[in-house]
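Structure follows, in structure tokens:
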């Protein structure tokens, strides 16, 4: 999981508009007027991973990856607002699309499949922060529980044998 989150954060670092790219540990929650991020931000988390057994202690999981994208609403989007203000406010949607273009179909580590977008969800807030959540899924192969055979040298009755032990 750690590797997947780090790979996604590294991939998002190419999105130069983002001022904060981090693991989501609740930075946008319960901080009222001053969340501990710079805007715009992208916060990455893995919400759940159902696993299936493939045999020989190998499992395949389908991870649900959440990307929370947020920015402060500082400009007007009213139809009568000046064009420059509306353009600046609507740039948030361009940012979200650019993030999607960087992630959809991209594979990080060798044991991961490509990310596939599954959902776009607007988060309702009452603090002037505009937030959307992008949900992606990715297939992960985990063989970390597989026992690595060790070699053991056996010398007995004039025989010198090297055997793999599990």
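Numbering (the numbering used here), first residue to last: 23 to 188. In this text, a Cβ means the ideal position worked out from N, Cα and C, and glycines have one as well.
Environment of residue i [buried if 16+ CB atoms lie within 10 Å]
i	result
residue 152	buried
residue 87	buried
residue 142	exposed
residue 115	exposed
residue 36	exposed
Per-residue DSSP class, three states only, for residue i
i	result
residue 42	strand
residue 34	helix
residue 24	helix
residue 8	Residue 8 is absent from the model: the chain starts at 23 and stops at 188.
residue 164	strand
Terminal residues of the beta strand (DSSP E) in which residue i lies
i	result
residue 4	Outside the shown range of the chain, which is 23 to 188, sits residue 4, and nothing can be said about it.
residue 93	80 to 94
residue 129	Neither: residue 129 is in no beta strand (DSSP E) and is coded neither H nor E.
residue 74	73 to 77
Bounding residues of the alpha helix (DSSP H) (the contiguous stretch that carries residue i)
i	result
residue 119	105 to 125
*Counting pairs of Cβ atoms below 8 Å between the segment 92 to 101 and the segment 58 to 69, do you hit three or more?*
yes
*asked:* With three or more C-beta pairs closer than 8 Å as the rule, is the segment 133 to 141 touching the segment 40 to 53?
replied: no
_Check whether the segment 71 to 84 and the segment 124 to 131 are in contact - that is, three or more C-beta pairs closer than 8 Å._
In this structure the segment 71 to 84 does not touch the segment 124 to 131; the number of beta carbon pairs closer than 8 Å is below three.
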